[in-house]
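Report on the structure given below.
Number of protein chains: 2
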Amino acid sequence: MKKLINKAEDLVKEELQGIAAAHPDLVKVHYDPNYIIRADAPVKGKVATVSGGGSGHEPMHGGFVGFGMLDAACPGAVFTSPTPDQMLEATKAVNGGAGVLHIVKNYTGDILNFEMAADLARSEGIEVEAVVTNDDVAVQDSLYTAGRRGVGVTVLAEKLCGAAAEERRPLKAVADLARKVNAHGRSMGMALTSCIVPAAGKPTFDLGDDEMEIGIGIHGEPGRTRMKLKTAAEIVALLAQPVLDDLPFKTGDQVLAFVNGMGGTPLIELYVVYNELVKICAGRGVKITRNLIGSYITSLEMAGTSITLLRLDDDLTKLWDAPVKTPGLRWGA
Amino acid sequence: MKKLINKAEDLVKEELQGIAAAHPDLVKVHYDPNYIIRADAPVKGKVATVSGGGSGHEPMHGGFVGFGMLDAACPGAVFTSPTPDQMLEATKAVNGGAGVLHIVKNYTGDILNFEMAADLARSEGIEVEAVVTNDDVAVQDSLYTAGRRGVGVTVLAEKLCGAAAEERRPLKAVADLARKVNAHGRSMGMALTSCIVPAAGKPTFDLGDDEMEIGIGIHGEPGRTRMKLKTAAEIVALLAQPVLDDLPFKTGDQVLAFVNGMGGTPLIELYVVYNELVKICAGRGVKITRNLIGSYITSLEMAGTSITLLRLDDDLTKLWDAPVKTPGLRWGA
Chain A
19 MKKLINKAED
29 LVKEELQGIA
39 AAHPDLVKVH
49 YDPNYIIRAD
59 APVKGKVATV
69 SGGGSGHEPM
79 HGGFVGFGML
89 DAACPGAVFT
99 SPTPDQMLEA
109 TKAVNGGAGV
119 LHIVKNYTGD
129 ILNFEMAADL
139 ARSEGIEVEA
149 VVTNDDVAVQ
159 DSLYTAGRRG
169 VGVTVLAEKL
179 CGAAAEERRP
189 LKAVADLARK
199 VNAHGRSMGM
209 ALTSCIVPAA
219 GKPTFDLGDD
229 EMEIGIGIHG
239 EPGRTRMKLK
249 TAAEIVALLA
259 QPVLDDLPFK
269 TGDQVLAFVN
279 GMGGTPLIEL
289 YVVYNELVKI
299 CAGRGVKITR
309 NLIGSYITSL
319 EMAGTSITLL
329 RLDDDLTKLW
339 DAPVKTPGLR
349 WGA
Chain B
19 MKKLINKAED
29 LVKEELQGIA
39 AAHPDLVKVH
49 YDPNYIIRAD
59 APVKGKVATV
69 SGGGSGHEPM
79 HGGFVGFGML
89 DAACPGAVFT
99 SPTPDQMLEA
109 TKAVNGGAGV
119 LHIVKNYTGD
129 ILNFEMAADL
139 ARSEGIEVEA
149 VVTNDDVAVQ
159 DSLYTAGRRG
169 VGVTVLAEKL
179 CGAAAEERRP
189 LKAVADLARK
199 VNAHGRSMGM
209 ALTSCIVPAA
219 GKPTFDLGDD
229 EMEIGIGIHG
239 EPGRTRMKLK
249 TAAEIVALLA
259 QPVLDDLPFK
269 TGDQVLAFVN
279 GMGGTPLIEL
289 YVVYNELVKI
299 CAGRGVKITR
309 NLIGSYITSL
319 EMAGTSITLL
329 RLDDDLTKLW
339 DAPVKTPGLR
349 WGA
């Protein structure tokens, strides 16, 4: 295991210390329980957006805390759900009196714990809505999931709902927006290599020197199929076609295309992937009008990529273009 | 070799096609010769900043073209200097009548070719200044370099000079600023793994499963020493102490700390590195007042990190904070 870490058990704490030291203008970090909130929380009269999940997917979610995106993020141990007390404390810390939206990726532990935290928050008089993302078309059920996994759409929902909350839209509207984003988005990923969970010290799965896994989950959960390595054009087709077919995306649709790196894949390759995706979408009459290219929802040092397409309308486009100021995503501010 | 590419010989062209498709609002791409210019080039009356170098270091340099940073970037083949005709054509394309600054990393091929391009541009009546960066303290001479290598400071110089050019400072002032940034900045890097140049198809160097290389160059050039893997705290000390000692940075100095990922290193590790760097700088009385954390000057999929410190003053801080709008670096716009 070759990583820039100290002790495995200190990794998340030290990462949080690094984030706190680097971005005091944007976020505040609370320890025991661990959560990250925007520096100016709570924002009075604004719906607060909260997400969370296992660590190891950085910048998601902690890197998306700040103006125009998340009010709070709860990082669990690596690839492990955060606990209800983290979520409850974060929810209370960012509640500005207009209610709190929990954006929850569909993993069994995340859902159970966020449900418990929401119940506890409600018992303290805080209005909470929860929306579950489940955009991964690769497999119906998975190692940690009943139903589809929540992946790339989560990042987009956090940005879009954050922008809507900044406009002071009410809780019901922001929650409905999250449901709409999830309903209109689809994703699929692949891996060239496994990653190593520090506490385990060995690869999560084995992949031959000439093999790749199509439909992988962000914790290395098995995908659809393992096969010999192919060209970028062939790989992107294997990801994009199921994504396009599933919604389905149709001729004339305008979409946001999100090409994500899994953590160990350099940007030069992501632009090659994007180039192939543009051709496939054009062949289907689907027009990419916005894009996001980079490593935003990662699996430690896994090499690979995922593709997310989100059908846009004027409102979503406007919310996407709105200013955002977080450690991991920033424009217009 | 596991990469998301098609044919090795098409990699740079397809990457450029991806960049062109993704960012038409920010940049324009020219092929044969290959260069990237800002979408609104030439900007009349503004000094134009041009850089370039081998591909494989993305987002540097092409990802830094846009408002407030570079006017043009010339990408060579992977880890190979661009040619004088690329640099000449790019220089002519962005010349807005106020002169052109070439920001050149200290590699023998880059320097020779930029010198030739500058001479040719001058013979066509364009005022050109060139500044060479050589901030890497690891080794005195290297595989492709007489004198120190130019690395992380180059990214900072591009941002700072771009901001100065937007203020309509004259060519001499922008060139002097680049020299000042280089004089006040120092860097050193390390690798946990090699990378594979696609055309070669095998690792640039061999590193044992329990080894790392301290002082590595961005093309995998040998560094200071190869040793057994250590903790993040020890590794950061091995990088930061020579950097601090070299300038030297002194008690009371305010610095920009740039923690860079080499391409295959995930963000979670870079925050651990930053956390260690904060402690070491604090121990020396050096205050980090600005930071940049992410993979900005990469070596394909190499795993590792580099640390750059730049001594700041009020002018540099103001220029750093100025708006920038490029594919790879963006804030305030």
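Sequences listed follow chains A and B, in order. The numbers in the first sequence follow my numbering, run straight up by one, and end at 351. The numbers in the second sequence follow my numbering, run straight up by one, and end at 351. The beta carbon of each residue, even a glycine, is placed where N, CA and C say it ideally should be. Just so it is clear, the structure is predicted and the values come from calculations on it, not from any experiment.
Just to confirm the assignment, what range does the alpha helix (DSSP H) spanning R140 (chain B) have?
Translated into the one-based positions of the second sequence, residue 140 (chain B) becomes position 122. Secondary structure note for R140 (chain B): its alpha helix (DSSP H) is the uninterrupted segment 126-141.
With 16 as the cutoff for other CB atoms within 10 Å, does Q35 (chain A) come out buried or exposed?
Taking the first sequence and counting its residues from 1, the one referred to as residue 35 (chain A) is at position 17. Under the 10 Å beta carbon count, Q35 (chain A) is surrounded by 16 or more other beta carbons and is classified as buried.
List, from N- to C-terminal side, the alpha helix (DSSP H) runs of 4 residues or more that fit wholly inside the region 267-302 of chain A.
Counting only unbroken stretches of 4 or more residues, the alpha helix (DSSP H) elements lying wholly within the region 267-302 of chain A are 285-301, in sequence order.
Between B:M78, B:R348, B:S317, B:N24, which lies nearest to F223 (chain B) when the distance is taken from Cα to Cα?
The sequence position of residue 223 (chain B) within the second sequence is 205, counting from 1. Of B:M78, B:R348, B:S317, B:N24, the residue nearest in Cα terms is B:S317.
Counting only Cβ pairs nearer than 7 Å, list the residues of chain B close to V291 (chain A).
Residue numbering aside, residue 291 (chain A) sits at position 273 when the first sequence is read from its first letter. Ordered by position in chain B, the residues that pass the 7 Å Cβ test against V291 (chain A) are L22.
Mind listing the chain A neighbours of Q415 (chain B)? Cutoff is C-beta to C-beta under 7 Å, in chain order.
Past the edges of chain B, shown from 19 to 351, lies residue 415 (chain B), and the structure says nothing about it.
Compute the minimum distance between the beta carbon of G270 (chain A) and the heavy atoms of the ligand ZN, and state whether it is under 7 Å.
In the structure shown, the ligand ZN is absent, as is every other ligand, since no ligand is present at all.
Span separating the alpha-carbon of Q158 (chain A) from that of S205 (chain A)
One-based indexing of the first sequence puts residue 158 (chain A) at position 140. One-based indexing of the first sequence puts residue 205 (chain A) at position 187. Approximately 13 Å between the Cα atoms of the pair.
Quick one, which of B:E107, B:P77, B:A116, B:V171 has its alpha-carbon nearest V122 (chain B)'s?
Numbered from its first residue, the second sequence carries residue 122 (chain B) at position 104. Across the set B:E107, B:P77, B:A116, B:V171, the C-alpha of B:V171 shows the shortest separation from the C-alpha of V122 (chain B).
Identify every residue that forms a DSSP beta bridge with S160 (chain B).
Counted from its first residue, the second sequence places residue 160 (chain B) at position 142. Paired residue(s): B:T163.
Nearest residue (CA-CA) to A183 (chain A), options A:M78, A:G241, A:H79, A:W338
For this step, residue 183 (chain A) is matched to residue 165 along the first sequence. The shortest C-alpha separation from A183 (chain A) is found at A:W338.
Could you tell me which of A:E176, A:K177, A:V173, A:N152 sits nearest to G165 (chain A), measuring between CA atoms?
Working through the first sequence from its first residue, we reach residue 165 (chain A) at position 147. In terms of CA proximity to G165 (chain A), A:N152 leads the group A:E176, A:K177, A:V173, A:N152.
Can you pull the chain A residues whose beta carbon is under 9 Å from the beta carbon of A321 (chain B), in chain order?
The residue given as residue 321 (chain B) occupies position 303 in the second sequence. Correct list: K20, K21, L22, G282, E319.
Anything in chain A within Cβ reach of Q35 (chain B), meaning under 7 Å, just list it in chain order.
As a first step, residue 35 (chain B) must be located in the second sequence, where it is residue number 17. N293, listed in chain order.
Keeping to the same chain, check which residues put their C-beta closer than 8 Å to that of P42 (chain B); ignore five residues upstream and five downstream.
By one-based count along the second sequence, residue 42 (chain B) stands at place 24. Cβ neighbours of P42 (chain B) beyond the five flanking positions: A57.
Is there a Cβ of chain B sitting closer than 8 Å to that of G72 (chain A), yes or no?
Sequence index remark: in the first sequence, residue 72 (chain A) carries index 54 (1-based). So no, G72 (chain A) is outside the interface.
Below 7 Å CB to CB, which residues in the same chain sit around I23 (chain B) once its five sequence neighbours on both sides are set aside?
What you label residue 23 (chain B) is simply residue 5 of the second sequence in a count that begins at 1. Sequence-distant Cβ neighbours of I23 (chain B) in its own chain, meaning closer than 7 Å and more than five residues away, are L29, P216.
Helix, strand or coil for E231 (chain B) per DSSP?
Along the second sequence, read from residue 1 onward, the residue named residue 231 (chain B) stands at position 213. Here E231 (chain B) carries a strand assignment [DSSP, helix/strand/coil].
Whole angstroms are fine: how far does the CA of G80 (chain A) sit from the CA of L328 (chain B)?
One-based indexing of the second sequence puts residue 328 (chain B) at position 310. One-based indexing of the first sequence puts residue 80 (chain A) at position 62. Each residue's alpha carbon lies about 27 Å from the other.
Chain B contact residues for G127 (chain A), given Cβ-Cβ distances below 8 Å:
As a first step, residue 127 (chain A) is located in the first sequence; it is residue number 109 there, counting from the start. Correct list: empty, because the minimum Cβ distance to chain B is about 20 Å.
Using 8 Å as the limit for Cβ to Cβ distance, is E32 (chain B) near chain A?
Within the second sequence, numbered from 1, the residue matching residue 32 (chain B) stands at position 14. Residue-level contact by beta carbon holds for E32 (chain B) and chain A, with a gap shorter than 8 Å.
When DSSP labels each residue in this structure, what does I55 (chain B) get in the three-state scheme?
Position 37 of the second sequence, counted from the start, is the residue given in the question as residue 55 (chain B). Of the three classes helix, strand and coil, the one that applies to I55 (chain B) here is strand, per DSSP.
E147 (chain A) in three-state terms, based on DSSP:
Counting from 1 along the first sequence, the entry for residue 147 (chain A) is found at position 129. Strand.
From G117 (chain B) to A255 (chain B), what distance separates their C-alpha atoms?
Along the second sequence, read from residue 1 onward, the residue named residue 117 (chain B) stands at position 99. Along the second sequence, read from residue 1 onward, the residue named residue 255 (chain B) stands at position 237. C-alpha of G117 (chain B) to C-alpha of A255 (chain B): approximately 42 Å in a straight line.
Roughly how many angstroms lie between the CA atoms of K13 (chain B) and E76 (chain B), to the nearest whole one?
The structure shown does not extend to residue 13 (chain B), since chain B spans only 19 to 351, so no value can be given for it.
What number of angstroms, rounded off, separates the C-alpha of P102 (chain A) from the C-alpha of V169 (chain A)?
Position 84 of the first sequence holds residue 102 (chain A). Position 151 of the first sequence holds residue 169 (chain A). Rounded to the nearest angstrom, the gap between the Cα atoms of P102 (chain A) and V169 (chain A) is 21 Å.
Buried or exposed (CB count within 10 angstroms, at least 16 for buried), D128 (chain A):
Translated into the one-based positions of the first sequence, residue 128 (chain A) becomes position 110. Residue burial is scored here from C-beta neighbours: D128 (chain A) has at least 16 other C-beta atoms within 10 angstroms and is therefore classed as buried.
Taking the alpha carbon of I286 (chain B) as the point to measure from, which residue in A:F267, A:S324, A:G346 has its own alpha carbon closest?
In the second sequence, counting from the first residue as 1, residue 286 (chain B) sits at position 268. Nearest C-alpha to I286 (chain B): A:G346.
Since V68 (chain A) is in the alpha helix (DSSP H), which residue starts that stretch and which ends it?
On the first sequence, residue 68 (chain A) is found 50 positions in, with the first residue counted as 1. Where V68 (chain A) is concerned, there is no enclosing alpha helix (DSSP H), although the beta strand (DSSP E) it sits in stretches over 66-73.
From what residue to what residue does the beta strand (DSSP E) around K123 (chain B) run?
Your numbering for residue 123 (chain B) matches position 105 in the second sequence. Its beta strand (DSSP E) spans residues 118-123.
Mind listing the chain B neighbours of L247 (chain A)? Cutoff is C-beta to C-beta under 8 Å, in chain order.
For the purposes of this step, residue 247 (chain A) is taken as residue 229 along the first sequence, with counting starting at 1. The answer, in chain order, is K20.
Could you give the distance in angstroms between the alpha-carbon of R197 (chain A) and the alpha-carbon of V291 (chain A)?
Taking the first residue of the first sequence as position 1, residue 197 (chain A) is located at position 179. Taking the first residue of the first sequence as position 1, residue 291 (chain A) is located at position 273. Going by the C-alpha atoms only, they are around 28 Å apart.
Let me confirm a value: V314 (chain A) is counted as buried when at least 16 other C-beta atoms fall within 10 Å, else exposed. Which label applies?
Locating residue 314 (chain A) in the first sequence gives position 296, where the first residue counts as 1. It is Tyr, not Val, that sits at residue 314 (chain A) in the sequence shown. Counting Cβ neighbours within 10 Å, Y314 (chain A) comes out buried, since at least 16 surround it.
In chain order, what residues of the same chain lie with their CB nearer than 6 Å to the CB of G84 (chain A), ignoring the 5 residues before and after it?
Here residue 84 (chain A) corresponds to residue number 66 of the first sequence, with the count starting at 1. Excluding residues within five positions, the ones whose Cβ falls inside 6 Å are L44, R56, K343, T344.
Is G84 (chain A) close to chain B? Criterion is C-beta to C-beta, closer than 8 Å.
On the first sequence, residue 84 (chain A) is found 66 positions in, with the first residue counted as 1. Not a single CB atom of chain B sits nearer than 8 Å to the CB of G84 (chain A).
Between A108 (chain B) and M134 (chain A), what straight-line distance do the alpha-carbon atoms span, to the nearest angstrom?
Counted from its first residue, the second sequence places residue 108 (chain B) at position 90. Counted from its first residue, the first sequence places residue 134 (chain A) at position 116. In this model, A108 (chain B) and M134 (chain A) are separated by some 59 Å (Cα to Cα).
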